[in-house]
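Per the working numbering, the sequence shown starts with residue 504, numbered consecutively.
Every residue gets a Cβ at the ideal spot worked out from N, C-alpha and C, and that includes glycine.
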Amino acid sequence: MNNLRIMEVLLAPHVSEKATILADTRKQFVFRVRMDANKLEIKQAVEKLFNVQVNSVSTVISKGKSKNFGRMRGRRSGWKKAYVGLKEGFDIKFASE
Numbered sequence: 504m505n506n507l508r509i510m511e512v513l514l515a516p517h518v519s520e521k522a523t524i525l526a527d528t529r530k531q532f533v534f535r536v537r538m539d540a541n542k543l544e545i546k547q548a549v550e551k552l553f554n555v556q557v558n559s560v561s562t563v564i565s566k567g568k569s570k571n572f573g574r575m576r577g578r579r580s581g582w583k584k585a586y587v588g589l590k591e592g593f594d595i596k597f598a599s600e
């Protein structure tokens, strides 16, 4: 894999109530990723950026919602998120303590 491509796969961590519960209980972290990223690229990107070992990767595509802007109808763009499970003994800390 191209190192530049691997660095562009992860866009941001997805922070929500569900993501926080998963991180605390199952050591599973949620990331917003590129639409054309596959599971192998996501796994390599997380392992390289955070120095951890990945156990599993699941992906979900969230479809964009239809919205009204006055008389105009619009549509938000869809996005892809990845649920990344880590092996025992590994953890990711996003906030510095």
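1) Which residues share a DSSP beta bridge with Asn-571?
2) In whole angstroms, what separates the C-alpha of Glu-607 from that of Phe-572?
3) Can you say whether Ala-585 is buried or exposed, counting buried as having 16 or more other CB atoms within 10 angstroms of its CB?
4) By DSSP, does Asn-558 sit in helix, in strand, or in coil?
5) Measuring only the C-alpha atoms, how far is Trp-582 from Ser-565?
6) Would you please state the rounded distance, in angstroms, between the beta carbons of Leu-507 and Leu-552? I believe it to be under 8 Å.
7) Alpha carbons only, please: which of Lys-596, Gly-577 and Thr-562 is nearest the one belonging to Ile-545?
8) Taking the beta carbon of Ala-540 as the centre, do at least 16 other beta carbons fall within 10 Å, making it buried, or is it exposed?
9) Distance, Cα to Cα, Ser-519 vs Phe-534?
10) How about Leu-589 and Lys-521: are their beta carbons less than 8 Å apart?
Quick look at the numbers:
1) By one-based count along the sequence shown, residue 571 stands at place 68. According to DSSP, which records beta bridges pairwise, Asn-571 is partnered with Arg-576.
2) Outside the modelled stretch of the chain, which goes from 504 to 600, sits residue 607, for which no answer is possible.
3) Counting from 1 along the sequence shown, the entry for residue 585 is found at position 82. By the neighbour-count rule (16 or more Cβ atoms within 10 Å), Ala-585 is buried.
4) Residue numbering aside, residue 558 sits at position 55 when the sequence shown is read from its first letter. Strand.
5) Indexing the sequence shown from 1 puts residue 582 at position 79. Indexing the sequence shown from 1 puts residue 565 at position 62. For Trp-582 and Ser-565, the distance between alpha carbons rounds to 5 Å.
6) For the purposes of this step, residue 507 is taken as the residue at position 4 of the sequence shown. For the purposes of this step, residue 552 is taken as the residue at position 49 of the sequence shown. At roughly 13 Å, the Cβ-Cβ gap does not stay under 8 Å, so Leu-507 and Leu-552 are not in contact.
7) Within the sequence shown, numbered from 1, the residue matching residue 545 stands at position 42. The option with the nearest alpha carbon to Ile-545 is Thr-562.
8) For the purposes of this step, residue 540 is taken as residue 37 along the sequence shown, with counting starting at 1. Ala-540 comes out buried.
9) Within the sequence shown, residue 519 is the residue found at index 16, counting from 1. Within the sequence shown, residue 534 is the residue found at index 31, counting from 1. If I take the Cα positions, the gap works out to 11 Å.
10) Within the sequence shown, residue 589 is the residue found at index 86, counting from 1. Within the sequence shown, residue 521 is the residue found at index 18, counting from 1. No, they are not a contact pair.
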